[in-house]
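At the far end of the sequence shown sits residue 173, using this note's numbering, and the numbering has no gaps.
Ideal placement from N, C-alpha and C gives every residue a C-beta, glycine not left out.
I have placed the structure first, in the form of structure tokens, so that the comments after it can refer back to it.
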Amino acid sequence: MEAPFEETEHGLVCKGEGWFLVNARDVRWRESKGRGASANFGGDTLFDQLGVGITIVGPGEPTTMYHWESNEEDFIVLRGGGVAILDGEEHRLRQWDAIHCPPGTAHAFVGGPEGLVLFGVGARERADEGAYVADPVAARFGAAPERDTDDTREAYRRFGPREPVRYGGWLD
2 MEAPFEETEH
12 GLVCKGEGWF
22 LVNARDVRWR
32 ESKGRGASAN
42 FGGDTLFDQL
52 GVGITIVGPG
62 EPTTMYHWES
72 NEEDFIVLRG
82 GGVAILDGEE
92 HRLRQWDAIH
102 CPPGTAHAFV
112 GGPEGLVLFG
122 VGARERADEG
132 AYVADPVAAR
142 FGAAPERDTD
152 DTREAYRRFG
162 PREPVRYGGW
172 LD
């Protein structure tokens, strides 16, 4: 069965279960000052097993606040580079690097001088388990909350909310 999509002023939004074929340029994106733009292909539908998305950040912008979760996640650098903070250690990123984060791995990514385009996929079995960590290495890159917390709003307090936007040419 094909998943239903709704055309909105910000792009296509998945509204239910089923298979689909959709282009990243056509879906709704979300943008936040200081955190770049991201697309969640599931739209308003949370998939049972996997979450898939693309995140695009500029130089010095974090893709996420430093956190761990109880699900496995994997990432591929599609373009640009930057820094990965993994379990408190800094690692340089470049195009086509693959990052595997087993459950419990604290991580965050920050765009380098040319920015960062990151593809991510993560399990959704226990999506509500995890926490944001006030790590000193991540803090040097502006990618850590002020204190340890499991409250997403608190972790991202310094950023504006992610606002829905139409695709802005970031992948071209």
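Around the CB of Arg141, fewer than 16 other CB atoms lie within 10 Å, so the residue is classed as exposed. With 16 or more neighbouring CB atoms inside 10 Å of its own CB, Pro146 falls in the buried class.
Shown here, Ala132 sits in a strand according to DSSP, grouped into three states.
A distance below 6 Å between beta-carbons, with the five flanking residues on each side excluded, links Ser33 to the following residues of its chain, in chain order: Phe160, Gly161, Arg163. Contact between the region 106–114 and the region 65–76 is established, with three or more Cβ pairs separated by less than 8 Å. Here the alpha carbons of Ala25 and Ala40 stand approximately 7 Å from one another.
Taken in chain order, the whole beta strand (DSSP E) runs of length 3 or more contained in the region 11–48 are 12–15, 30–33, 37–41.
The region 115–126 and the region 51–58 touch, with three or more beta-carbon pairs separated by less than 8 Å.
If you check the CB distance, Ala38 and Gly169 come in under 8 Å.
Annotated as proximal: Val14 and Gly44, with beta-carbon spacing under 8 Å. The C-beta separation of Thr150 from Ala156 comes to about 6 Å, placing the pair in contact by the 8 Å criterion. The beta carbon of Gln96 lies closer than 8 Å to those of Val78, Leu79, Arg80, Gly81, Gly82 in the same chain, with the five residues before and after it left out.
If you look at Thr56, you'll find it in the beta strand (DSSP E) that goes 51–58. For Arg93, the secondary structure class from DSSP, reduced to helix, strand or coil, is strand.
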